[in-house]
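Enquirer:
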Amino acid sequence: MIYGYSIVYGVEKALDMFKRMAERDSVSWNIIISFLSKHGFGVESLCMFVEMCRQGFGPNSLTYVSVLRACTSLYDLEWGAHLHARFIRLESFLDIIVGNGLINMYAKCGHLVFARRVFNSLTERNIISWTAMITAFSQNGDVEKAWDCFNKMPERNLITWNSMISTYNQHGFWEDGLNLYNLMLREGVKPDRVTFATSIVACANLTILKLGTQIVAQAEKLGFGSNVSVANSVLTMYSRCGQIEEAQKIFDSIGKKNLISWNAMMAGYAQNGKGKKVIEIFEDMLTMKCKPDHISFVALLSGCSHSGLVTEGKHYFSSMTKDYCISPCHEHFACMVDLLGRSGLLEEAKSLIDGMPFKPTVDIWGALLGACQIHCNTNLAELILRNLLELDFEVSGSYILLANTYSDSGKLEGVACVRKLMREKGMRKNPGCSWIEVDNRIHVFTADDINHPQIKDIYSVLEEITENW
């Protein structure tokens, strides 16, 4: 009855049923602790565990796994370590089920060393143990060790493949993720919605439309084309590849749009410089009773910035806090600074930065520095660079922007000073880079590079374009 109430009626009814029981056993305690843990009631789950032990009921492996899940959701390392010590004290060896829970808990709490010690101490390991370690390495940014762990696995399942592909994608190794996807297919592993969603996003970030459409076709063939997660990824891919009309068609075809769908469509229009369409989608979202989050407003303000919609941007920035109780974060301020700066309202942008409730980041100062170049404001650009130096952020791009601002203002002495400063700091400008896919081949171009086999033809066409400009 407790289990049934938890599924049908939720937490309160299940707890009420549990409290009305004349007598309880270990099973009933385990069910209520597990239910609370699974549904995000970490504190309540821990309290139930304490009460269970106080009343003399001995916890088993399932109890520990549930309570460890609660510690993980609360990022409570102290309680998790206490449970670890308690289990070792009561048991002669570390149970694999509890061990997997400990690996996950330590990894989520940022203690990879302890997660690895638990993994090494297991007398036997299953797929869940190995996958938990891959996830642990991924969360700590160690992609190489995650791959090494993946390679050493005696056997793999779909979850393991998805975990490794997601690891590559989360850390920007898009090509490696796609190569792993192809290897997975060659080994006869059937992909699911998670595989397709992550692989299509990789194509979106690499702007490889042709391969992306092939993966979309595979997803549709296996019946995942209508899945909302897959559809959201396809939408993002079309948007980033400049196919905004196709993205709109995918968006319209989604029967039950979630918040990610709305955000992806707004971000797509923002990236393609269509600010008014971003606002239109946002208003449609509100009409459909879908509540925006902080990502919605990043897309909205970004769209306003790219289209110079100052009045609209100010309105929505104000409504974030007033109407939706969303406190602006660094990304929102960066969008507003960019919007005001592009429109020539440099002093207003500077005042906005001065009034921020937290210290401005590199992105925020960078947005204003870019605006200074557009409007040839060298005085403010110098002030911004000093602030960037205080952040101990020395990237050539900021110095180049300042040098360009001096150059556009005709202050050649300032240009020389900036270049001298860069030489003294041993800084070099990274060459510009672009790429394009033609006939299933990626052509990469960097500034001053003449190694492309068709470079003479390329320069000939560029000269013709320049002459006719």
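Residue numbers (our numbering): 268 to 736.
Idealized CB from N, CA, C, for every residue including glycine.
Nothing here was measured: the structure is a model prediction, and the numbers come from that model.
1. Just tell me which of C684, S430, N530 and V577 has its CA closest to the CA of K558.
2. For the alpha helix (DSSP H) holding C416, just list the boundary residues, first then last.
3. Determine the DSSP secondary structure at T390, reduced to helix, strand or coil.
4. Would DSSP call T713 helix, strand or coil?
5. Do S574 and K543 have their beta-carbon atoms positioned less than 8 Å apart in this structure?
6. Identify, in the order they occur along the chain, each residue of the same chain with its Cβ nearer than 6 Å to the Cβ of T503, setting aside the five sequence neighbours on each side.
7. Contact check, I467 vs S500 under 8 Å by CB: the rounded distance?
8. Let me make sure I understand the geometry here. Which of Y726, V334 and C508 has the alpha-carbon closest to that of I703?
9. Quick check for students: name the residue ranges of the alpha helix (DSSP H) that lie wholly in the stretch 527-559, counting only runs of 4 or more.
10. Near E598, what residues of its chain come up, given a Cβ to Cβ distance below 7 Å and the 5 sequence neighbours on each side ignored?
11. Quick one: grab the DSSP three-state call for S594.
12. Helix, strand or coil: how does DSSP classify S466 here?
13. Once you ignore the five residues that flank A413 on each side, which residues in its own chain have a CB closer than 6 Å to its CB?
14. Could you check what DSSP says for I703 in three-state terms: helix, strand or coil?
15. By the three-class DSSP mapping on this structure, what secondary structure does Q640 have?
16. Would you call M533 buried or exposed, if buried means 16 or more other Cβ atoms sit within 10 Å of its Cβ?
17. Using 8 Å as the threshold, is the C-beta distance between K477 and V495 below it?
18. Is it right to say D605 is buried, meaning 16 or more other beta carbons lie within 10 angstroms of its own, or is it exposed?
19. Determine the contact status of A601 and I562, defining contact as a CB-CB distance below 8 Å.
20. Applying the 10 Å Cβ sphere with the 16-neighbour rule, what's the burial state of F518?
21. Alpha carbon to alpha carbon, how far is L576 from C643?
22. Are N407 and L379 closer than 8 Å when you measure CB to CB?
23. What span of residues does the alpha helix (DSSP H) with Q481 cover, start to end?
24. Select from N371, Y726 and G611 the residue whose C-alpha is nearest the C-alpha of L635.
25. With H438 as the anchor, note down where its alpha helix (DSSP H) starts and where it stops.
26. Mind checking which residues open and close the alpha helix (DSSP H) that includes M284?
27. Cα-Cα, which of L335, Y342 and L357 is closest to G366?
28. Using three-state DSSP, classify N327 as helix, strand or coil.
29. With a threshold of 7 Å on Cβ separation, who are the neighbours of F360 within its own chain once the five nearest residues in sequence on each side are excluded?
30. Let me check understanding here. Comparing Cα to Cα, which of N327, E311 and I274 lies closest to V294?
31. So, is V711 buried or exposed, given that buried needs 16 or more other C-beta atoms within 10 angstroms?
32. Determine the extent of the alpha helix (DSSP H) in which R356 is found, giving its start and end residues.
33. Buried or exposed for I546, please, with buried defined as at least 16 other CB atoms from any protein chain shown within 10 angstroms of its CB.
34. Any idea what DSSP makes of A566, helix, strand or coil?
35. Checking 8 Å against the spacing of the C-beta atoms, do A486 and I521 come in under that value?
36. So N762 and V385 are supposed to be a Cβ contact under 8 Å. How far apart are they, rounded?
Expert: Taking the definition as stated:
1. The shortest C-alpha separation from K558 is found at N530.
2. V410 to K419 is the span of the alpha helix (DSSP H), which, as asked, contains C416.
3. Reduced to three states, the DSSP call for T390 is coil.
4. Per DSSP, reduced to three states, the secondary structure at T713 is strand.
5. Result yes, Cβ atoms of K543 and S574 sit closer than 8 Å.
6. In its chain, beyond the 5 residues on either side, A471 and A531 have a beta carbon closer than 6 Å to the beta carbon of T503.
7. Indeed, because the Cβ distance is near 4 Å, the residues count as touching under 8 Å.
8. Selected option, being the one with the closest Cα: C508.
9. Runs of alpha helix (DSSP H) with 4 or more residues, each lying fully within the stretch 527-559, are found at 542-554, listed in chain order.
10. Here the set comprises V565.
11. Correct three-state label for S594: coil.
12. Three-state result, S466: helix.
13. Contacts found: I401, F404, S405 and T434.
14. Of the three classes helix, strand and coil, the one that applies to I703 here is strand, per DSSP.
15. In the displayed model, Q640 falls within a helix according to three-state DSSP.
16. Under a 10 Å Cβ-count criterion, M533 is classified as buried, with 16 or more other Cβ atoms of the shown protein chains found around its own Cβ.
17. It is not a contact, given that the beta carbons lie outside the stated cut-off.
18. Burial is judged here by how many other beta carbons sit within 10 angstroms of a residue's own beta carbon; D605 has at least 16 and is buried.
19. Not in contact: A601 and I562 (Cβ atoms no closer than 8 Å).
20. With 16 or more Cβ atoms within 10 Å of its Cβ, F518 is classed as buried.
21. When the Cα atoms are used, L576 and C643 turn out to be separated by approximately 22 Å.
22. It is a contact, given that the beta carbons lie within the stated cut-off.
23. Counting along the chain, the alpha helix (DSSP H) containing Q481 begins and ends at L476 to K488.
24. Shortest Cα-Cα distance from L635 to any of N371, Y726 and G611 involves G611.
25. Counting along the chain, H438 falls outside any alpha helix (DSSP H), and DSSP gives it neither H nor E.
26. Unbroken alpha helix (DSSP H) run through M284: V278 to K286.
27. Selected option, being the one with the closest Cα: L335.
28. Looking at N327 - three-state DSSP - the assignment turns out to be coil, as it is neither helix nor strand.
29. In its chain, beyond the 5 residues on either side, T390 have a beta carbon closer than 7 Å to the beta carbon of F360.
30. Cα-wise, what sits closest to V294 is N327.
31. V711 comes out exposed.
32. Start and end: L344 to L357.
33. With 16 or more other Cβ atoms within 10 Å, it is buried.
34. Residue state, collapsed to three classes: helix.
35. It is not a contact, given that the beta carbons lie outside the stated cut-off.
36. As shown, the chain starts at 268 and ends at 736. That puts residue 762 outside it, with no answer to give.
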